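Here the sequence shown stands for residues 64 to 214, where the numbers follow this note's numbering.
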Amino acid sequence: MKKLILVGRVAAGKTTLTQALKGEQLHYCKTQYINYFDTIIDTPGEYTEVKQLGAALALYAYEADIVGIVISANEPFCVFPPAITCMVNREVIGIVTGVDKPDGNVEQVRRWLKLCGCEKIFEVSSYSGQGLTEIIEYLREPSDAPDARPV
Ligand SMILES: Nc1nc2c(ncn2[C@@H]2O[C@H](COP(=O)(O)OP(=O)(O)OP(=O)(O)O)[C@@H](O)[C@H]2O)c(=O)[nH]1
Ligand SMILES: [Mg+2]
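Printed below as a string of structure tokens:
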């Protein structure tokens with residue numbers, strides 16, 4: 064499968080999404096470091112939020128085929144500047160997480176992701192499973208089994 068790196072604020076839902084895409088049972092686990100061996104590279108939110116760590120994300124993006132900017136549906140503001148996608152030479156997709164949240168504003172987050180430069184945007188809920196199939200199919204390569212999923 065294509066390798067996806069997830070970037071986004073603390074509590075954006077990156078780890079929960081990783082677990083859901085892998086078909087694992089959901090459990091809270093604070094991300095402490097970058098493990099770049101798996102199909103999905105999950106990053107700590109601090110790398111997105113702290114300027115001095117941000118450059119590492121651009122470097123780790125080279126380990127992946129696709130970069131996923133993750134923003135939860137109820138985030139109050141966007142930490143990513145406009146046109147940030149040109150900072151990496153990889154395809155960048157947008158992922159709106161937590162679309163099940165009652166206080167979410169999916170349309171607002173879609174606008175932020177478009178401003179970032181994302182052309183393809185997925186809407187998911189790791190809790191309900193909404194939108195997971197679309198991402199898995201997007202990552203699947205022609206040589207993969209039809210039911211292959213990230214490991
Ligand atoms: N309602 C709802 N809550 C979610 C969803 N995804 C994640 N959460 C909750 O949001 C919180 C943070 O999720 P994480 O996946 O740990 O967030 P993260 O982006 O990995 O955070 P860091 O590891 O700190 O960078 C947890 O309490 C999750 O249960 C979702 O789809 N719906
Ligand atoms: Mg995490």
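Cβ atoms here follow ideal geometry from the backbone N, Cα and C, with glycine treated the same way. These numbers were taken from a predicted model, which means no experiment stands behind them.
- Around the beta-carbon of residue 143, 16 or more other beta-carbon atoms lie within 10 Å, marking it buried.
- Counting along the chain, the unbroken beta strand (DSSP E) around residue 131 starts and ends at 129-135.
- Non-local C-beta neighbours of residue 123 in its own chain, meaning closer than 8 Å and more than five positions away in sequence, comprise 68, 97, 99, 104 and 106, ordered along the chain.
- Ranked by Cα distance from residue 184, the options 132, 119, 206 and 113 are led by 132.
- The alpha-carbon separation between residue 93 and residue 192 amounts to approximately 21 Å.
- Taking residue 137 as the centre and dropping the five residues before and after it, the same chain places the C-beta of 164, 166 and 167 closer than 6 Å to its C-beta, in chain order.
- Contact annotation, residue 204 with residue 66: C-beta distance approximately 10 Å; criterion of less than 8 Å not satisfied.
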